[in-house]
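These notes concern the structure reproduced below.
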Amino acid sequence: MTRRERKRLENRFPPSLFAIYLGILLLMSGIHIGLVTLVSKYQWNKFIQIIIPVIYWTFVAAGLTIYTRNKIIKTYDQPMKELAKAADKVAHGDFSVYIPPLHTTNRHDYLDRMFLDFNKMVAELGSLETMRTDFIANVSHEIKTPVAAIQNYAQLLRKPNLSRTEMDNYTAAILSSTHRLSSLITNILRLNKLESQQIKPQYETYDLCRQLSDCALGFEMIWEEKEIDFEADLEDKAMICADESLMELVWNNLLSNAFKFTEPGGSVILKQTSDSDYVIVEVSDTGCGMSEETQKHIFDKFYQGDTSHATEGNGLGLALAFRVLQLMGASIQVRSEEGRGTAFTVQIPTRENEENKTGI
1 MTRRERKRLE
11 NRFPPSLFAI
21 YLGILLLMSG
31 IHIGLVTLVS
41 KYQWNKFIQI
51 IIPVIYWTFV
61 AAGLTIYTRN
71 KIIKTYDQPM
81 KELAKAADKV
91 AHGDFSVYIP
101 PLHTTNRHDY
111 LDRMFLDFNK
121 MVAELGSLET
131 MRTDFIANVS
141 HEIKTPVAAI
151 QNYAQLLRKP
161 NLSRTEMDNY
171 TAAILSSTHR
181 LSSLITNILR
191 LNKLESQQIK
201 PQYETYDLCR
211 QLSDCALGFE
221 MIWEEKEIDF
231 EADLEDKAMI
241 CADESLMELV
251 WNNLLSNAFK
261 FTEPGGSVIL
271 KQTSDSDYVI
281 VEVSDTGCGM
291 SEETQKHIFD
301 KFYQGDTSHA
311 TEGNGLGLAL
321 AFRVLQLMGA
331 SIQVRSEEGR
341 GTAFTVQIPT
351 RENEENKTGI
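Each step along the sequence shown adds one to the number in the UniProt record's numbering, with nothing skipped, and position 78 is 78.
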């Protein structure tokens, strides 16, 4: 940015404008002297000698006043009124407001920058409002489904002459719906607390390999039941500095998805490696995979690309995992191909890097 451009951004009434005013006043003063000299030369009476300069300076003052007023209105007053009207519309819920900049891109001043920032703010507010509306709609839909199931099966239980098997089936269906509802509410509360930073991560140094082993063993019954070939390739020890309980949510979610979307007889691999900068964990499967469109939204709340498994989750697990990893300063990437499987790769900064960043 040149010095001239910086000056334009800093001041809408530059010193050059006042230099012009000074030049005009000096010119008017010169004309005044000429008039006084002319009046004196022709020996006009005293009244005319007084009235001519008065009339002259009245016109000069009126002209400068009108010019200055128009300049202020055009340069500052009108743009501010336009901004005030736009802000009033936004305050009343209209997020379609847009204020065009006053100048072209190469001539933007600070008011143009203010308008551009205002437009950006309104666009983000509109986006947040859309997200809020979608969130409420999704929550309502997700809650409505298990509640409707509970209601339907409860009505069936009231039917006379039910066999013991039917009663057991209806009761199991009700319990399944209540568990799903409980899980949904718990995940919503967790995600809300994470996003509003009500949960403060409790950083501690612990062995990630031990945690991964414990989480994997929790799914032993599932992989045995589905006859899934599960392989774990872990180092003997990998120390990280993170919140152990929050990271457990991440691994349980990734492993749960891997086993859920892998057909019987398939395979799931849990692999962990490390280098001087990161500890890397990869969870891969030979499941149904995801399309490119699904991969773009996989970390969005309530998004479920594979609707055939919709009753087994609520679309919040990966959103929770993503937010937790953000808090830990870690990252997650997904690779997937429809019909070939999916792999999630998590990169966690090593303990030494965390100490360098935080100064602890």
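Quick reminder that beta carbons are idealized off the backbone N, C-alpha and C, glycines included.
C-beta atoms of residue i and residue j nearer than 8 Å
i: G56; j: L27; result: The residue you asked about is not Gly; residue 56 is Tyr in the sequence shown. Cβ atoms of Y56 and L27: not closer than 8 Å.
i: E293; j: T345; result: no
i: L83; j: I73; result: no
i: A242; j: A232; result: no
i: Q295; j: V250; result: no
i: A91; j: F118; result: no
i: I286; j: S256; result: Inspection of the sequence shows that residue 286 is occupied by Thr rather than by Ile. For T286 and S256, no; Cβs fall outside 8 Å.
i: D277; j: T342; result: no
i: L157; j: M167; result: yes
Inter-residue CB distance, residue i and residue j (contact presumed, cutoff 8 Å)
i: I240; j: I348; result: 5 Å
i: P201; j: L327; result: 5 Å
i: L102; j: D112; result: 6 Å
Among the options, nearest to residue i - alpha-carbon criterion
i: G289; options: R323, G266, E337 and S331; result: E337
i: Q272; options: E263, S284 and G266; result: S284
i: S245; options: A216, K71, Q211 and N257; result: Q211
i: P146; options: A173, A123 and T262; result: A173
i: E220; options: D243, L234, T350 and A258; result: A258
i: L234; options: K144, D214, N45 and F59; result: D214
i: I50; options: K120, L189 and H32; result: H32
i: V60; options: G30, T37 and K46; result: G30
i: T262; options: T133, T68, T186 and W223; result: W223
i: G218; options: E204, T186 and N252; result: N252
i: D109; options: T133, L162, Y76 and I332; result: Y76
i: V324; options: L17, T68 and Y203; result: Y203
i: L23; options: S291, V54 and L64; result: Note that residue 23 is Gly in the sequence shown, not Leu. The shortest C-alpha separation from G23 is found at L64.
Which of helix, strand or coil DSSP assigns to residue i
i: F59; result: helix
i: T350; result: coil
i: K271; result: strand
i: V324; result: helix
i: A330; result: coil
i: T345; result: strand
i: I240; result: strand
i: I228; result: coil
i: R164; result: helix
i: T262; result: coil
i: R158; result: coil
i: I280; result: strand
i: S336; result: strand
i: E204; result: strand
i: Q109; result: Contrary to the premise, residue 109 reads as Asp rather than Gln in this sequence. The answer is coil: DSSP assigns D109 none of H, G, I, E or B.
i: D88; result: helix
i: D300; result: coil
i: D285; result: strand
i: D94; result: coil
Cut-off 7 Å between Cβ atoms - residues of its own chain near residue i, not counting five sequence neighbours on either side
i: I52; result: L35 and V39
i: F299; result: L318, A319 and F322
i: V95; result: First, the residue type needs correcting, since residue 95 is Phe and not Val in the sequence shown. If we look at F95 and ignore the five residues flanking it on each side, its Cβ neighbours are V122, L125, G126 and E129.
i: I150; result: I174, S177 and T178
i: V97; result: A86, K89, V90 and V122
Cβ-based neighbour list, residue i, same chain, cut-off 8 Å, excluding 5 preceding and 5 following
i: A238; result: D207, L208, C209, Q272, S274 and V279
i: residue 361; result: Only positions 1 to 360 of the chain appear in this structure, which leaves residue 361 out of reach.
i: I228; result: I222, F259, T262, P264, G265, G266, S267 and V268
i: P79; result: L102, L111 and F115
i: K81; result: none
i: R164; result: none
i: residue 365; result: Residue 365 is absent from the model: the chain starts at 1 and stops at 360.
Contacts around residue i, its chain only, beta-carbon distance under 6 Å, and the 5 residues preceding and following it disregarded
i: residue 366; result: The requested residue 366 is not part of the displayed model; the chain covers only 1 to 360.
i: L254; result: V283 and F344
i: F115; result: I99 and P101
i: E248; result: none
i: A154; result: none
CB contact check: residue i to chain D, cutoff 8 Å
i: N119; result: Judged by its chain identifiers, the structure shown contains no chain D, having just a single protein chain.
Residue i: CB within 7 Å of a non-hydrogen atom of the ligand NAP
i: I150; result: Although the ligand NAP was asked about, the structure shown includes no ligands whatsoever.
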